Amino acid sequence: MINDLILVTNSANSASSRKHFTDILNFGEYLELAIPAEWKAQPREFYLYITYSELEPKLAATQFKGIVIDLFLENSKSTDSNIAVDLAAFLRLCDIDLPIIIVSEKHLTSEKYGLDIDPRSYQILNDFKVGKFLTYDQAFNKELSVDDPQHFPIYKHIRGYKFNIAEFLKNFSVIPSDDRHQMTNEWGAIKLAFNAGYTLEDIGYNFPQNTYFKYLQKKFSLDFLTFAEREELLKEYSLPTTQNKINLSTFLKNKKILLVDDNAEKGWASVLEKIFDARIVSMSSIHDCLKIDHKEYASFDLVFLDLYMPNFHGNLKEKENSIKLLETFKIGFPQIPIIVFTASNKSWTLDEVLEKGADGMYVKESPEYAGNATYSRENFKNFFSTIANCLKRYKTLQPYWSNIDFIFQNFLPEIDDINAFKFKSRIKERLEMFFGLLKRGLEEKGFNSRKFYFSDNELAFITLWSILNEISQAYYEKSRPNIQIRDPKGNLISAHPSGTLIEYSPRHYKWSIKNQQDVFLEYVYFFEIEREKIVLHSNKNYYKLNCKSKSIFKFHRGKGTVLHQPSVPDVDYSRSLYVQIAFLLEKKITLLSPKKDRLQEKLSQLNEKRNKLFLTHGEEDSRFYNKTEKSKRSERSYEITPNGDIKELFELVGFLLTGKEIVLNI
-2 MINDLILVTN SANSASSRKH FTDILNFGEY LELAIPAEWK AQPREFYLYI
48 TYSELEPKLA ATQFKGIVID LFLENSKSTD SNIAVDLAAF LRLCDIDLPI
98 IIVSEKHLTS EKYGLDIDPR SYQILNDFKV GKFLTYDQAF NKELSVDDPQ
148 HFPIYKHIRG YKFNIAEFLK NFSVIPSDDR HQMTNEWGAI KLAFNAGYTL
198 EDIGYNFPQN TYFKYLQKKF SLDFLTFAER EELLKEYSLP TTQNKINLST
248 FLKNKKILLV DDNAEKGWAS VLEKIFDARI VSMSSIHDCL KIDHKEYASF
298 DLVFLDLYMP NFHGNLKEKE NSIKLLETFK IGFPQIPIIV FTASNKSWTL
348 DEVLEKGADG MYVKESPEYA GNATYSRENF KNFFSTIANC LKRYKTLQPY
398 WSNIDFIFQN FLPEIDDINA FKFKSRIKER LEMFFGLLKR GLEEKGFNSR
448 KFYFSDNELA FITLWSILNE ISQAYYEKSR PNIQIRDPKG NLISAHPSGT
498 LIEYSPRHYK WSIKNQQDVF LEYVYFFEIE REKIVLHSNK NYYKLNCKSK
548 SIFKFHRGKG TVLHQPSVPD VDYSRSLYVQ IAFLLEKKIT LLSPKKDRLQ
598 EKLSQLNEKR NKLFLTHGEE DSRFYNKTEK SKRSERSYEI TPNGDIKELF
648 ELVGFLLTGK EIVLNI
């Protein structure tokens, strides 16, 4: 039924308009508008708002299926600055999503554009997808013609054809979500730039000069962040405040950012280039991203990834496309931070992207919040803090990962998967575990340590320390040799009464550096003697033996000394991991370093630090048990940081694994 439509026409033209319509059909409702002369001096938005305020109650009262607007709402036949077109756009901005048809007495003069109207008016409708130009004859008598065959069918000329509202509405496409997404992209870029203190001239990007953007820019402030608020943000992160413009280049090493967004050239590349003072590499397809050279990708300081990217074939925009790309990037390059861009502010979206490895999410400011100063300010502050905190974390994390990768490529020969021993695989796992804990420690909330007294930094330290066990196992040859012992008469005995050769106890090993003659630890056995006779076990088949451990190495207060003769150590060297490592630093050929003394001293200090951690058994000194973990948190001697003890332990472990000096520049 045609009374499903509402007609908007000028009261001065109503008689003529009605004649054209009522010859064939009757409308469900008319909205006749008069435009007094004094309105001519008012802003266009004034007239549009008055029209909307009269139209809105009618739409609310009746379930209309479409709106028909007379092209010549004004008494003039000129189509310049056409108010019908502006009204259609305004209705869209007011969230009216009914099909809108603009009709005219005029006949088609252009196969492409339909009615002979000015390009500006046509562009407005094209931008907004607000409706289609139809002549009265087209719409209600002869032929329904459309501009875009992709979305609308073309009806052939059939004389006597009656307008079929149900079929028309069925095939009428309202604003596609992609267009809303694109408009949000461009508006979001504008707002980000202005809140950061930049102008359109600074950015050097020409934003669309259509009614949509003109209306928003004229009606609402583009810069909701005040001078003082920007200055406060800059001071909080120790950034320059001279020009009162946000510049995050301080956090970048290579001054290079990857922007993965099919709308990258809609202002975002220009805006980000200013905010970061960096080179922006834009990619608009997943296909391009998957072809990127690994070395090239590793050179980026930061990646921005749009949440809705076209699929591999470039046609279907779905969140899953970007999620898969996010996972691929983070698994291959965990040291490169990724911030997800999205127009969605749903909380579960944030949860999902963080679960897949994203380091943060920024919601592009939508036009629906154009007049909300509080939202705009807080949204920008969230962008600033998310990016700044992320880059601060990765300024520490990236040097660690680049050196972990260096270690992977330069293991000493002993660090390999040999027979049943998986030294290489296990150490690679430990280093990746360490990096993950270090990352989590930098993200850790203060509440966890205040309330639950734990620290991911300490977990990272202990994980890194555990690699020393792997190193000790890989570099030492442990054997149980056959031995000869002198009896009370000075004779050498090499076998028990049963004939079994005398050898090391199953609990004891001779420790030698692999492929070298240097012995770290050995055991000296002797017979148990009573009345100048060797004591036998009850079965009479074996001698009773006693032993002492001996070593030519002494390690005291961080200083290693090689003795002329083996002596009995003060502690059990087979259980003293840090002493085992100190001897390797002293004697292993592939670890010779002019900084040996410094490395041994640092090893001793790190061992003392380890003994104070709550995850270890702790010091034997009773004072260790006189403090609670809560009280330890406030003492600097218990503090573990990525820039302090963790850094020093990592450099030591890196040297032990590669024989090359590792220096972390953080």
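For the sequence shown, this note's numbering gives the first residue as -2, with consecutive numbering after it.
Note that the Cβ used here is the ideal one computed from N, Cα and C, for glycine as well.
Since the model is a prediction, treat every value here as computed from it, not as a measurement.
Proximal residues to residue i (C-beta, below 6 angstroms), its chain only, five neighbours per side dropped
i: Val337; result: Leu302, Leu304, Val350, Ala355, Met358
i: Ile637; result: Asn454, Glu455, Phe458
i: Leu189; result: Val268
i: His561; result: none
i: Ser422; result: Asp414
i: Lys263; result: Asn182, Glu183
Sequence-distant residues of the same chain with beta carbon closer than 8 angstroms to residue i, five excluded per side
i: Phe420; result: Glu411, Ile412, Asp413, Asp414, Glu467, Gln470, Ala471
i: Phe380; result: Leu189, Tyr359
i: Ser535; result: none
i: Ile328; result: Gly354
i: Asn479; result: Ser491, Leu498, Ile499, Glu500
Residue closest to residue i, alpha-carbon to alpha-carbon, out of the options
i: Arg275; options: Ile289, Leu299, Asp259; result: Checking the sequence, you will find Ala at residue 275 rather than Arg. For Ala275, the nearest C-alpha among the options comes from Leu299.
i: Ser571; options: Lys475, Ile499, Glu365, Asp220; result: Lys475
i: Gln240; options: Leu68, Asn251, Tyr202, Glu228; result: Glu228
i: Tyr540; options: Ile490, His553, Glu519; result: Ile490
i: Pro331; options: Arg437, Lys242, Leu95; result: Arg437
i: Ile663; options: Leu388, Lys271, Ser50, Val257; result: Leu388
i: Lys486; options: Lys292, Lys507, Ile531; result: Ile531
i: Val278; options: Val257, Lys288, Gly264; result: Val257
i: Gly651; options: Asp259, Ile404, Ala225, Thr6; result: Ile404
i: Asp199; options: Phe444, Lys271, Thr59, Ala579; result: Lys271
i: Leu654; options: Leu581, Leu603, Lys545; result: Leu581
i: Arg633; options: Leu231, Glu645, Lys606, Asn623; result: Lys606
i: Phe524; options: Ala225, Asn512, Lys545; result: Lys545
i: Ile3; options: Thr346, Leu95, Tyr44, Arg89; result: Leu95
i: Lys292; options: Leu84, Thr497, Phe326; result: Phe326
Contacts around residue i, its chain only, beta-carbon distance under 7 angstroms, and the 5 residues preceding and following it disregarded
i: Lys657; result: Asn407
i: His493; result: Ile499, Asn538, Tyr539, Tyr540
i: Leu646; result: Phe458, Leu461, Trp462, Leu603
i: Glu324; result: Lys353, Gly354
Cβ pair residue i, residue j closer than 8 angstroms
i: Lys547; j: Val565; result: yes
i: Ser661; j: Asn400; result: For the record, residue 661 in the displayed sequence is Leu; it is not Ser. It is a contact, given that the beta carbons lie within the stated cut-off.
i: Tyr450; j: Lys627; result: yes
i: Glu500; j: Arg483; result: no
i: Tyr202; j: Ser267; result: yes
i: Thr393; j: Met430; result: no
i: Ile47; j: Ile97; result: no
i: Pro639; j: Leu435; result: yes
i: Val360; j: Asn342; result: yes
i: Gln597; j: Gly641; result: no
i: Lys585; j: Ile464; result: no
i: Leu649; j: Leu574; result: no
i: Lys507; j: Val516; result: yes
i: Leu255; j: Phe297; result: yes
Per DSSP, cross-strand counterpart(s) of residue i
i: Lys442; result: Answer is none; Lys442 lacks a bridge partner.
i: Glu474; result: Ser509
i: His553; result: Lys556
i: Glu500; result: Asn479
i: Leu589; result: None, per the DSSP bridge assignment.
i: Arg276; result: Lys253
i: Ser548; result: Ser564
i: Asp303; result: Phe338
i: Val516; result: Ser509
i: Met358; result: Val337
Where residue i falls, given that 16 or more other Cβ within 10 Å makes a residue buried
i: Phe432; result: buried
i: Gly368; result: exposed
i: Cys91; result: exposed
i: Thr181; result: buried
i: Trp705; result: Missing from the structure shown is residue 705; the chain here goes from -2 to 663 and no further.
i: Ser218; result: exposed
i: Ser363; result: buried
i: Pro237; result: exposed
i: Tyr195; result: buried
i: Asp290; result: exposed
i: Trp462; result: buried
i: Val576; result: buried
i: Phe224; result: exposed
i: Ala193; result: buried
i: Lys259; result: Per the sequence shown, residue 259 should be read as Asp rather than Lys. Asp259 comes out buried.
i: Ile526; result: exposed
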